[in-house]
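> Okay, here's the structure, questions in a sec.
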Amino acid sequence: MKFLHTGDIHFGCCPEAGTPYAGERREAVRNILMKIVDLANVEDVDLLLIAGDLFHQRPTKSELKEVAYYLSKLRRAHVVIIAGNHDYLSEDSPYKSYNFGKHVIVLNTEKLSRVYLKDIDTEVYGFSYYSQMIKDPLYDGFKVPNDGRTKILLAHGGDADHIPISRTALAGSGFDYIALGHIHAPEIIKDTNMAYCGSPEPIVRTETGSHGCILGHITDGKLTLMWHPLSEIQYRIMDITPGSDATMAAIEDLVKSAIATHPGDLFTVNIVGERPADLEIDTGILSRIDRVCHVSDTSVPEYDLDELSRNHKNDLISLYINELNTPDATQQMKDALYIGLKALLKD
Amino acid sequence: MKIKRLAVHNFGKLHDVTLDFYDGINLVCGQNESGKSTLHAFISAMFFGMERGRGRAAKNDAFTKYTPWDGGSYGGVIEIEKDGRTYSLSRNFSGVSARCLLTNETDSRDLAPTKENLSSILNGLTPSVYQNTISVGQLQAGTGDELSDELTNHIVNLHTAGSFSLDISGAVSSLATEKKHLLNAYDKNSDNEAAELKGRISSLEAELDADKDIPSLIAREQKIRDLSDNLKNAQDRSTYLFKSVSDHEAALRLHHINGEEDIEKAERIIGKTCKRAEAAAKKDDTLPDYSGTKTLCIILSIVFFIGLAVCLFMGYQALMRGEKELSYLLPYIAGAGVCFLAFIVFVVLAASAGRKKNAVDRFCKVYNRYMGMAPSNELYEVDALSDIPDNCREHFTKLSEEKEEIKTLSKNIKTYQAQLKKLDESMPDLRRRHFAIEQKETALVAVRQQLAALNPALEKNATIKEKCAAIDLAARTIEDLSKKNIESFGHFLEEKTSALIASMTDGAYSGVHINENFDVSLIQNMRHVALSSVSAGTLDQVYLALRIACIEFLWPDEPMPLLLDDTFAMYDDARLASTLDWLRTNYFGQVFILSCHKREDALLSELHIPYKRISIG
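Protein chains in written order, with the working numbering: chain A, 5 to 351; chain B, 19 to 635.
What follows is the structure, encoded as structure tokens:
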């Protein structure tokens, strides 16, 4: 039995809102479902698993219609879906009773339910969220009997506010595969038959690394999993510590050359550590570089505070350093320390 | 810090002059114009360097003023001792070959003449601190108000910035400028817009929360479907029952049963009829049964009866005629006997043939009455006929049951219809309300997206706010510290100067008072004496005392050289003697007295104060 495991698609999400990349990111999130369907057709899978958060928020009728259209393009795969904390169900939600077509099953109960797919002799278990938060470890204590049928659990959660999951306990619950959703970083959990598929298209800039979906195969109870990258872009983070001879132009070049090696990807640039005291970081220059989506500067000027204190022991600078350079200094105090020193040491 | 030696290569009028200094009092004597002030300027230039001005201003600047008269290398070397190490600082000011060398002579090590290194060797001395503390000239102004003003100015200069080598107000104002720049980039519109959007989001959320009480549309629709199903079932059942009732009634009508009593009557009649029919059928079921048989039998019995009568009449006549002969009578007797037998046979036949027909006819008649039609095979329809009373009873039972059910059903139907009507009537409103909810949800999504689109601007604003808060904290800290410092400085200055003045004037003045505006007055016999009313010499003493107090404030741990450039011109001999004596006992640093008078020389010798006399010019 061949399956494709995805989830956390967040259809309708608009990442990078307010930035020049908003449009392309929104489209990438829209298109990823079509890419998944295409892949399912090309790989000729029997089953498409969607482990929650198919929609970014509780879907409107028109969003349901669009997704149903995409899913209708599947040539022969069954689809089993659960609703997650973002697209959680309620009695009145159109999602709960929406007819996606005969091949699509939404496990729309609040308690564990299952569907048996006769042609592939597979049972898929799961339940849907009916609220944004579930703090109870609802997956703990699951056990399924071994009756020869292939058994798959669709689950969503794994943090404190969204069904805490004990990985060891769940791994021993008897399922042939546990398709997890909610955590956006993909992870095939070692030595278990569980995996987080992650968001197939990253939706915030902190979701770095490869994003895609998981192709799996169960033959005679033996599970094989394969990672399949699918995302339009990757988010990358560049931490730059300016050296003693750094200049803004040099930093700009550094960023540009990194961007050139990963065309299309989006970059977060963090200026960190100590920088030469005479280097002023102009985050504006960096954030205007094409494909840079965020710039932060937490670097501090490279002052030798002890030496400054010694050299200025009779004047305000040593007092100023003493006042602000305390072990329990807040970030604001640290910032103030360097800003004030710069002003005081100005010629 | 000590100045050990000066080597002037060329500086103003000075050419190739080397001076070694003593740790205590150094008296540098020379006539007017011998170069004492040039030497003073040289020290300053060696400490802090000297740059050529530009344009018109260059005409009168120090660089031009001290350009060597005789040419040659413009500059020299100064040797400074600091923390037990000797440093030599060599400077050349002339244009292209301008340079500055700093050597640690003790360790024979060249040091980079950086600001930090120089500041460290010079104890943080800056030109303005130098001007206001260790370098003491004669007060420039003449006397009176101008003099005291200048003194006040000096103190103010000391406390505001110069004394700390830092431009506090400059720093604070540069912070203010930086904040202003930052705030220029602050996107107030985004803030306003975000606040408005947040307001809309919370009001939409509140509305949606209130809308939670609106009944579920899907549940309502399901209820309507259920009710409609119930109604339809009831109606279908009712229709069926009406038909069934009319069927029952038709059946009863067909059986000619109008009431329970009819059934009993029918049961009696049918019972009897069926019995007879069955009996008839049992008795003779081989006899052909057609109407002619009976008639034939009757005719034949009549014929035979007539034959019998004829035989008997003829026999009687024969008897009467007297015929006694049996053989003559026998034919008549035999004929009568045969006819009699035949008569009996036919009478019996006729009687039996009639009974069966009667029974059948009766059966047919009863059958026809109760079944509404002729039996197809009368004798075999007995069962059907005999079932009729029971059937009719059943019809009656069903009829009453079904009529009862119809009554209940029609009541239910009315209830369903009423409920449905109510629900149907409520649907448009409910649909409208759910449509409104959908609209609100859509609006909420849109507003949230709008808010998200503002995020980058808001993040930027937040960064600006944080940075502004840090700037505010920096400025506040600087101001607080400098205020605290000034307060302690003012207090220190008053105390120290008071002590100095008391000892310098041998108690003639018990001290000074410095108010918050740094107006200085002297205290004599518990009275404040305005500076404007004291002599120029006393003013000079106050001036010196203030400077020394400042030096002690700034360098409490380290003796600094004190350069007194013609400072004592206004002193009378007694005042000069006491001041020199005071310096010997109270000032621990090097003292350089630059003077053109012989008085100092004489007084120092007279007072047996150790000193080194250095002549120039």
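Note that the Cβ used here is the ideal one computed from N, Cα and C, for glycine as well. Computed from a prediction, not measured in an experiment: that's the story for all the values here.
Count the other C-beta atoms from every protein chain shown that fall within 10 angstroms of the C-beta of HIS266/A, then say buried if there are 16 or more, exposed otherwise.
The residue given as residue 266/A occupies position 262 in the first sequence. HIS266/A should be labelled exposed.
> Distance cutoff 8 Å, beta carbons only. Does ALA159/B sit that close to anything in chain A?
Position 141 of the second sequence, counting from 1, holds the residue named residue 159/B. Because ALA159/B sits at a pLDDT of 42, beneath the cut-off of 50, its placement in the model cannot be relied upon, and the following sentence gives the value as read from the coordinates. Chain A, which has no Cβ nearer than 8 Å to the Cβ of ALA159/B, makes this no.
> Going along the chain, which residues of its own chain have a beta-carbon closer than 6 Å to the beta-carbon of GLU285/B, five neighbours each way excluded?
Here residue 285/B refers to the residue found at position 267 when the second sequence is read from its first residue. Around GLU285/B: PRO407.
> With 8 Å as the threshold, decide whether the Cβ of SER135/A is near any Cβ in chain B.
Walking along the first sequence from the start, residue 135/A turns up at place 131. It does not; no Cβ of chain B falls within 8 Å.
> Could you tell me whether any Cβ in chain B is nearer than 8 Å to the Cβ of ASN112/A?
Taking the first residue of the first sequence as position 1, residue 112/A is located at position 108. Taking Cβ atoms only, chain B never reaches closer than 8 Å to ASN112/A, which makes this a no.
> Have a look at TYR181/A, ALA347/A and HIS160/A and flag the residue whose alpha-carbon is nearest the alpha-carbon of VAL148/A.
By one-based count along the first sequence, residue 148/A stands at place 144. The candidate whose alpha carbon is nearest that of VAL148/A is TYR181/A.
> When burial is assigned at 16 or more other CB atoms within 10 Å of the CB, is ALA130/B buried or exposed?
Taking the second sequence and counting its residues from 1, one reaches residue 130/B at position 112. By the 10 Å Cβ count, ALA130/B comes out exposed.
> Do three or more CB pairs link the stretch 134 to 142 of chain B to the stretch 94 to 108 of chain B at distances below 8 Å?
Output reads yes: the stretch 94 to 108 of chain B touches the stretch 134 to 142 of chain B.
> Compare the Cα-Cα distances from ARG387/B to each of LEU222/B, ILE275/B and ASP231/B and report the closest residue.
Within the second sequence, the letter at position 369 stands for residue 387/B. Considering only alpha carbons, the answer is ILE275/B.
> Roughly how many angstroms lie between the CA atoms of ASP583/B and LEU37/B, to the nearest whole one?
Numbered from its first residue, the second sequence carries residue 583/B at position 565. Numbered from its first residue, the second sequence carries residue 37/B at position 19. C-alpha separation (whole angstroms): 17 Å.
> Please identify the residue among ASP301/A, SER291/A and CYS297/A whose C-alpha is closest to the C-alpha of GLU284/A.
The count along the first sequence starts at 1 and reaches residue 284/A at position 280. The candidate whose alpha carbon is nearest that of GLU284/A is ASP301/A.
> GLU95/A CB to nearest chain B CB: under 8 Å?
As a first step, residue 95/A is located in the first sequence; it is residue number 91 there, counting from the start. Closer than 8 Å: yes.
> Which residues mark the beginning and the end of the alpha helix (DSSP H) in which LYS216/B is found?
Along the second sequence, one-based indexing puts residue 216/B at 198. Where LYS216/B is concerned, the enclosing alpha helix (DSSP H) stretches over 206 to 228.
> Starting from the beta carbon of VAL12/B, find every residue of chain A whose beta carbon is closer than 8 Å, and list them in chain order.
The requested residue 12/B does not occur in the structure, where chain B is confined to residues 19 to 635.
> What are the residues in the stretch 486 to 513 of chain B lying within 7 Å of chain A by C-beta distance?
Listed by position, the residues of the stretch 486 to 513 of chain B near chain A (Cβ gap below 7 Å) are ALA487, ALA488, ILE489, LEU491, ALA492, THR495, ILE496, LEU499, SER500 and ASN503.
> Does the stretch 420 to 427 of chain B come close enough to the stretch 326 to 333 of chain B to have 3 or more Cβ pairs within less than 8 Å?
Flag = no, the stretch 420 to 427 of chain B and the stretch 326 to 333 of chain B do not touch.
> Would you identify the three-state DSSP class for CYS201/A, choosing helix, strand or coil?
By 1-based counting over the first sequence, the position of residue 201/A is 197. Of the three classes helix, strand and coil, the one that applies to CYS201/A here is coil, per DSSP.
> In this structure, how does DSSP classify LEU272/B when only helix, strand and coil are distinguished?
On the second sequence, position 254 is the one that residue 272/B refers to. Helix, per DSSP.
> Counting only Cβ pairs nearer than 7 Å, list the residues of chain B close to TYR324/A.
Counting from one through the first sequence, the residue named residue 324/A turns up at place 320. Going along chain B in sequence order, the residues near TYR324/A (Cβ under 7 Å) are THR495, ILE496 and LEU499.
> Beta-carbon within less than 6 Å of ARG118/A's beta-carbon, same chain only, minus the 5 sequence neighbours each way: which residues are those?
The residue labelled residue 118/A in the question sits at position 114 within the first sequence. Cβ within range, chain order: GLU127 and TYR129.
> Ignore the nearest five residues each way along the sequence and tell me which others in ALA262/A's own chain have a CB closer than 8 Å to its CB.
Here the question's residue 262/A lines up with position 258 in the first sequence. Result list for ALA262/A: ARG240, MET242 and PHE271, in chain order.
> Kindly indicate if chain B contains any beta-carbon less than 8 Å away from that of LEU290/A.
Against the first sequence, residue 290/A aligns to sequence position 286. No, no contact with chain B.
> For GLY185/A, which of helix, strand or coil comes out of DSSP?
Here the question's residue 185/A lines up with position 181 in the first sequence. DSSP places GLY185/A in strand when its eight states are reduced to three.
> Just how far apart, CA to CA, sit MET544/B and THR523/B?
Stepping through the second sequence from its first residue, residue 544/B is reached at position 526. Stepping through the second sequence from its first residue, residue 523/B is reached at position 505. MET544/B and THR523/B: Cα-Cα distance of roughly 15 Å.
> Under 8 Å: do the stretch 605 to 612 of chain B and the stretch 35 to 55 of chain B share three or more Cβ pairs, one atom per stretch?
Because the criterion of three Cβ pairs below 8 Å is met, the stretch 605 to 612 of chain B and the stretch 35 to 55 of chain B touch.
> Do HIS160/A and GLY185/A have their C-beta atoms closer together than 8 Å?
By one-based count along the first sequence, residue 160/A stands at place 156. By one-based count along the first sequence, residue 185/A stands at place 181. Yes; because the gap between Cβ atoms is below 8 Å, this pair is in contact.
> Check the Cβ-Cβ distances between SER55/B and every residue of chain A, and say whether any is below 8 Å.
Reading the second sequence from its first residue, position 37 is the one you call residue 55/B. SER55/B does not count as touching chain A.
> In this structure, what does DSSP give as the bridge partners for THR151/B?
As a first step, residue 151/B must be located in the second sequence, where it is residue number 133. Answer is none; THR151/B lacks a bridge partner.
> Have a look at the DSSP bridge pairing and note the partners of PHE271/A.
On the first sequence, residue 271/A is found 267 positions in, with the first residue counted as 1. For PHE271/A, which the question treats as bridged, DSSP gives the partners ARG240/A and VAL296/A.
> Please report whether the beta-carbon of PRO474/B lies at a distance below 8 Å from any beta-carbon of chain A.
Here residue 474/B is taken as the residue at index 456 of the second sequence, counted from 1. For PRO474/B, the answer is yes, since a Cβ of chain A falls inside 8 Å of its Cβ.
> Looking at chain A, which residues of the stretch 251 to 264 of chain B have a Cβ within less than 7 Å of any of its Cβ atoms?
Going along the stretch 251 to 264 of chain B in chain order, one finds no residue with a Cβ nearer than 7 Å to chain A.
> Kindly indicate which three-state DSSP category MET338/B falls into: helix, strand or coil?
Counted from its first residue, the second sequence places residue 338/B at position 320. Helix, per DSSP.
> Output yes or no for whether 8 Å exceeds the beta carbon distance between VAL208/A and PRO19/A.
For the purposes of this step, residue 208/A is taken as residue 204 along the first sequence, with counting starting at 1. For the purposes of this step, residue 19/A is taken as residue 15 along the first sequence, with counting starting at 1. A contact, by the Cβ cut-off of 8 Å.
> Kindly confirm or deny that the stretch 510 to 529 of chain B and the stretch 590 to 600 of chain B touch, where touching means at least three C-beta pairs closer than 8 Å.
With a cut-off of 8 Å, the stretch 590 to 600 of chain B and the stretch 510 to 529 of chain B count as touching, because enough Cβ pairs lie within range.
> Quick one: does the C-beta of VAL366/B sit closer than 7 Å to a heavy atom of the ligand PLP?
For the structure depicted, the ligand PLP is absent and the ligand set is empty, with no information on it obtainable.
> How about ILE186/B: is its C-beta nearer than 8 Å to some C-beta of chain A?
Here residue 186/B refers to the residue found at position 168 when the second sequence is read from its first residue. By this cut-off, ILE186/B is an interface position.
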